[in-house]
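Chemist:
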Amino acid sequence: MPITNYTAKEVQFKIVLCGPPFSGKSTSFRYLHSNIEAAFKGEVTSLKNANTDTLVFDFIPRDATLLDDFKIRFELLTIAGEIATNAPRKLLLRDADGILFVVNSSWDQVENNVQSFKNLQENLKKFSVTLDEIPIVLQYNKRDLQDAAPVSYLDFVLNNHETRIPVCETVATTGRNIFASLRALSEMLIQRFLENTPASNAAQSDAVAVDG
Amino acid sequence: MDESHPATVPPSPSGDQPLKSISFGGSKKSAASSTVPQKKNITPTTAPGVTKSTRKAVAACANIIPDKQVIIDLRDLLPQIPAYLLKAGLSADSKKEFIFKAHELFPTLKSGRASASLSRLAELTPELFTNQHPGENVEIQLPLQKVVSQIGVFPCRPDQTEVQFSPLDPQYANLVIEKSTGADIRIDQPPAPIAQTPGDASTPVPENTDTAVVEAAAEIPSELPDPAVNQTVSEPTVDIEEKIEVPFEFPVIDEKVSYSLAALLPNMPKSWLVEDLKSIDDAARITVPFRLVEAQLATGKVELPFDDFFHAVPDDFKKYFSGEAEESKTARIQIPLNEVFQNLPGVEPLPPTPRPSVAKEQEEAMETKSVSETEEVKPVPDVSPEVDEVVQPESITAKNPDPLATEEQKVEKTISSSGNITEQPLPQESAEPIVANEPASEQVPQEQNAESLVHLPEGSQDKPFIEATQASDPKETAKQVEPAPPAETSNPVTLSTLEPVSIQLPTYRDPAADPGQIAATLTPPKVQLQRLVPPSVFAKDISAAPHEEPVQEPEPGKILAFEGVSLAFNPHAVETLFMTDGKLDPRKTVDHISHFPGVQGVALTLETETITAGDIPGNFDAANTAKAASILFQTLEIPSDQPSGAATTRNVALNHSGFSSTWFKQEHILLGILHPQRSLEEAMHDKLVLVTGELAQLR
């Protein structure tokens, strides 16, 4: 549930970039951060836990006016590098409002994609959330590879749920369709927010946010 | 607001023009040119850049598995088959093929790999194997790429052609998000919907017969009409999963596909080329009937003879090709499979990578900087410069030149003669503007700025952040800014008194201030300013934290406890740390820890004090570092992998300003270890986890 903060007059959505290692999460993240106008973004914050593996907590607040003078703020989070344990991945998904799942289109990474996607579903299940309940966009990355698997096959292995998940074919290194995927997810988030959050709930969430 | 719609966002206080533009940094010009018209366009599948399901994939959705054969060469599998299972005399050059049915490979294909059991291979080609039973559990990996390319089209879910929206208030209905320069979200007014009656629908819905449904699926145009156009049409929902019989064949459609000439050139026989094509772009394409390609898809290799190729070549390029040589007539050009898959009928060819208008400058900037993102300090969008509309001539201005302040902390404070203090961000000298678009301040409505002012009531009991007194010497009335945590720039502060003041500041002076003018307006009372919590990156947690907190000057030798420690510490508690039954003195314990190997200094933060021991440099700010660690713990809620008893000890490592420290937290205890190495030794880490757990029980 996005946080409606009446004090700050903003609605805040948490977007998580996840996917298998080396799929291009950090590259996508950095591209997004680099191409958002400086006045509309915050700094990237990196948090490392040296005792486990690298844990990077990144976010970009993206401001926009939704209604009246209420602003929208998107927090983008991802974990860079290879994660040995599942705990950071699970932690990242807590209270996530939307997910950008970055897929490595390389043939030899298809199985890793499937494993990672299953892991995502399992982690969401621990928060009592299913893929059909949370806005998610599949970002088929590395489409410029010579050995990129066809989209129809990636759809077959990853996008076989009750509702087809929006898919963007991206090249994170050049930024192709990176913003398109974020935009698609943003549309879903905002639409879902406008649809499902009655005024009373909004006030309640605000109270939670403000009162802590 | 429409009562029937569950409003989610409070209405505008003014009630006028409730829906405004959403922008992520694009120019207003581009925002005004939005053409996405209707609320149905909010369906993500219609957004630019979102890949649609191919027509065939949609038609073949659900459980319809293509009844195709997959042919795998023996040479692809031979290295995986145990030699003792193979008959003697079988060489790697043996030409033998395994022919699978596609549906038998689908279970493994769903998991992202292709495999078959060894027993299945033996069943397919018994002449290759000995009589030994190979076993069911031995899996042989098949070449995934070959398998997938031979199957061709996979069943998948169709796009959502219609999203079931609840009836929205008209003010929400035209919410449209688009990207123009790479970062735009905007809302435009929708044009009038095109009213259509169900009878006018371009795709008539046949009766519920199986054949009719299949025909309807076949008539789906490759370019699906914009669902927004059919907003008022009750679109037919074709439940293919239930109604289409399996198997069925796709109707033969004389479709054409186009391939990039540039993609074909590398595979082209040299005898075809008359002269070299030095520069050719993606726009030069050949168009051939899809049937020529489709028939070859199952083989995993698509080729074109010269005649077909030459007829398909654009006229401008025909002069480069000649098939007069004898070998040219027999040679065939191979079309790369990725080119084939990218240009399947019903799939729009990928457009060339859109280059954001700002990308070039940014790339250049990034190349020159090549600084990791984590080290960049970017201005925060929350900085909404507040402009004091009536700035009297007597206003004095002081700049905060704290070199350690971040960009968001560098604010310019202006005190008008009416007593209002406003803050404006200083001109950013080092920050490179990545996008030279309109400034953020233009995006912020003026009313919002005015509303966000924080007015302190007179006689406020809040402790001052900056204490202002009358200057004894008019020459010393220049403003001095205490080097303290920066004020939140989005909330300018109004003084609790309207009387003009001078502010006694310890370090800095504004040489531009005119002492004479200021001294004429000085009055004795103290003015209390509000201390604001510095804006934090952890918005969720900070939003729950109090925005105001009193300032306490730390006593010498005593460091204020970090926020969040609320449990009392009982130093007289009996604890069995280090297997002793005596009273545990936290100071002795901290001192003991400081002698651990690899430990330079220790800081134990309790509710009321911070105990330090060891060699802690003077420029190491233990209090602030502890606070940072505390915020990290609160924000991340890092789960522990080091359980200690029933409770849990969490730890985080911080490396900044040349110091490496590791912080352990359990309940009300925060134990910080300063160490010269980048990380603690593993054995020490485990030990300190235990120590923290023991200290946490001192209550």
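These protein sequence lines map, in sequence, to chains A and B. Per the working numbering, numbering of the first sequence is gapless, rising by one per residue and ending at 210. Per the working numbering, numbering of the second sequence is gapless, rising by one per residue and ending at 759. All residues carry an ideal CB built from backbone N, CA and C; glycine is no exception.
Mapping the DSSP letters down to three states, classify THR685 (chain B) as helix, strand or coil.
Modeler: In this structure, THR685 (chain B) counts as helix in the three-state DSSP scheme.
Chemist: Mind the definition here: the region 143 to 150 of chain A touches the region 100 to 112 of chain A only if three or more C-beta pairs lie below 8 Å; say whether that holds.
Modeler: The region 143 to 150 of chain A vs the region 100 to 112 of chain A: in contact.
Chemist: Residues in the same chain with beta-carbon distance under 8 Å from VAL362 (chain B), minus the five sequence neighbours each way, listed in chain order, please.
Modeler: Closer than 8 Å at the Cβ level, and outside the excluded window around VAL362 (chain B), lie VAL353, GLN356, GLN394, ILE395, LEU397 and VAL400.
Chemist: On the three-state DSSP scale, how would you describe LEU143 (chain A)?
Modeler: LEU143 (chain A): coil per DSSP, three-state reduction.
Chemist: Checking contacts by CB at 8 Å: is GLY109 (chain B) closer than that to chain A?
Modeler: Judged by the 8 Å Cβ criterion, GLY109 (chain B) is in contact with chain A.
Chemist: Assess contact between the region 20 to 33 of chain A and the region 164 to 174 of chain A, defined as three or more Cβ pairs (one per stretch) separated by less than 8 Å. Is contact present?
Modeler: Short answer: they touch.
Chemist: For ARG173 (chain B), go through chain A and note every residue whose CB falls closer than 9 Å to its CB, in chain order.
Modeler: In chain order: VAL108, GLU109 and VAL112.
Chemist: In angstroms with no decimal places, state the Cα-to-Cα distance between ALA85 (chain A) and ILE134 (chain A).
Modeler: Rounded to the nearest angstrom, the two C-alpha atoms are 21 Å apart.
Chemist: So which residues on chain B does ASN175 (chain A) lean against when the C-beta distance must stay under 7 Å?
Modeler: Near ASN175 (chain A) (Cβ distances below 7 Å), the residues of chain B are GLY109.
Chemist: Just confirm the distance between the C-beta atoms of GLN726 (chain B) and THR752 (chain B), as a whole number of angstroms; I'd bet it's less than 8 Å.
Modeler: Going by Cβ atoms, the distance from GLN726 (chain B) to THR752 (chain B) rounds to 5 Å, so yes, they are a contact pair.
Chemist: Pop quiz: GLY109 (chain B) and CYS166 (chain A) are said to be a contact at Cβ under 8 Å. What is the actual Cβ separation, rounded to whole angstroms?
Modeler: The Cβ separation is near 5 Å, so the contact holds.
Chemist: Looking at the unbroken alpha helix (DSSP H) that takes in ASN117 (chain A), where does it start and where does it end?
Modeler: First-last of the alpha helix (DSSP H) with ASN117 (chain A): 108 to 124.
Chemist: Please list the terminal residues of the continuous alpha helix (DSSP H) segment that includes ASN33 (chain A).
Modeler: Start and end: 23 to 33.
Chemist: Under 8 Å, Cβ to Cβ, is there at least one residue of chain B near PRO164 (chain A)?
Modeler: Interface residue, yes.
Chemist: When burial is assigned at 16 or more other CB atoms within 10 Å of the CB, is ARG647 (chain B) buried or exposed?
Modeler: So ARG647 (chain B) ends up on the exposed side.
Chemist: Contact between the region 145 to 164 of chain A and the region -1 to 7 of chain A: three or more CB pairs below 8 Å?
Modeler: Taking 8 Å as the limit for Cβ pairs, the verdict is that the region -1 to 7 of chain A does not touch the region 145 to 164 of chain A.
Chemist: My output table needs one value for VAL14 (chain A): the three-state DSSP class, helix, strand or coil.
Modeler: In this structure, VAL14 (chain A) counts as strand in the three-state DSSP scheme.
Chemist: Taking just the CA atoms, how far does GLN189 (chain A) sit from ILE70 (chain A)?
Modeler: Each residue's alpha carbon lies about 12 Å from the other.
Chemist: Taking a Cβ distance cut-off of 7 Å, strictly less, list which residues of the region 190 to 212 of chain B are near chain A, in chain order.
Modeler: Listed in sequence order: LEU204, GLN205 and VAL208.
Chemist: What does the alpha-carbon distance come out to for the pair GLU754 (chain B) and ILE733 (chain B)?
Modeler: For GLU754 (chain B) and ILE733 (chain B), the distance between alpha carbons rounds to 16 Å.
Chemist: Between B:ALA322, B:ILE141 and B:VAL207, which has its C-alpha nearest GLU164 (chain B)'s C-alpha?
Modeler: That would be B:VAL207, whose Cα lies nearest to the Cα of GLU164 (chain B).
Chemist: At which residues does the beta strand (DSSP E) containing PRO365 (chain B) begin and terminate?
Modeler: First-last of the beta strand (DSSP E) with PRO365 (chain B): 362 to 365.
Chemist: Where VAL650 (chain B) and PHE72 (chain A) are concerned, what is the direct C-alpha to C-alpha distance, given to the nearest angstrom?
Modeler: Taking the straight line joining both Cα atoms gives about 43 Å.
Chemist: Could you tell me whether the Cβ of LYS378 (chain B) comes closer than 8 Å to any Cβ of chain A?
Modeler: LYS378 (chain B) does not count as touching chain A.
Chemist: Under the three-state reduction of DSSP, which class applies to LYS648 (chain B): helix, strand or coil?
Modeler: Three-state result, LYS648 (chain B): helix.
Chemist: Tell me the rounded alpha-carbon separation between LEU152 (chain A) and ALA174 (chain B).
Modeler: Approximately 14 Å between the Cα atoms of the pair.
Chemist: Tell me whether HIS159 (chain A) is buried or exposed, calling it buried when 16 or more other Cβ atoms sit within 10 Å of its Cβ.
Modeler: Under this definition HIS159 (chain A) is an exposed residue.
Chemist: Can you tell me the Cβ-Cβ gap for GLN129 (chain B) and ILE200 (chain B), rounded? I've got them flagged as a contact below 8 Å.
Modeler: With 8 Å as the limit, GLN129 (chain B) and ILE200 (chain B) do not qualify as a contact, their Cβ atoms being about 18 Å apart.
Chemist: My understanding is that LEU183 (chain A) touches ILE13 (chain A), with C-beta atoms under 8 Å, so please give their C-beta distance in whole angstroms.
Modeler: Confirmed, about 6 Å.
Chemist: Report yes if the C-beta distance between VAL9 (chain A) and PRO0 (chain A) is below 8 Å; otherwise report no.
Modeler: Closer than 8 Å, so yes.
Chemist: Label THR672 (chain B) either buried or exposed according to how many other C-beta atoms from any shown protein chain fall within 10 Å of its C-beta, with 16 as the threshold for buried.
Modeler: When all chains shown are included, THR672 (chain B) counts as buried.
Chemist: How would you label VAL155 (chain A), buried or exposed, when you count the other beta carbons within 10 angstroms and need 16 or more for buried?
Modeler: Classification of VAL155 (chain A): buried, given that the 10 Å Cβ count is 16 or more.
Chemist: Does PRO167 (chain B) come out as helix, strand or coil in the three-state DSSP assignment?
Modeler: The answer is helix: DSSP assigns PRO167 (chain B) an H, G or I state.
Chemist: What in chain A is Cβ-close to LYS170 (chain B), meaning under 9 Å?
Modeler: Residues of chain A passing the Cβ test: VAL112, PHE154, VAL155 and ASN158.
Chemist: Hey, is ALA94 (chain A)'s beta-carbon within less than 8 Å of any beta-carbon in chain B?
Modeler: No, ALA94 (chain A) lies away from the interface with chain B (no Cβ there is under 8 Å from its Cβ).
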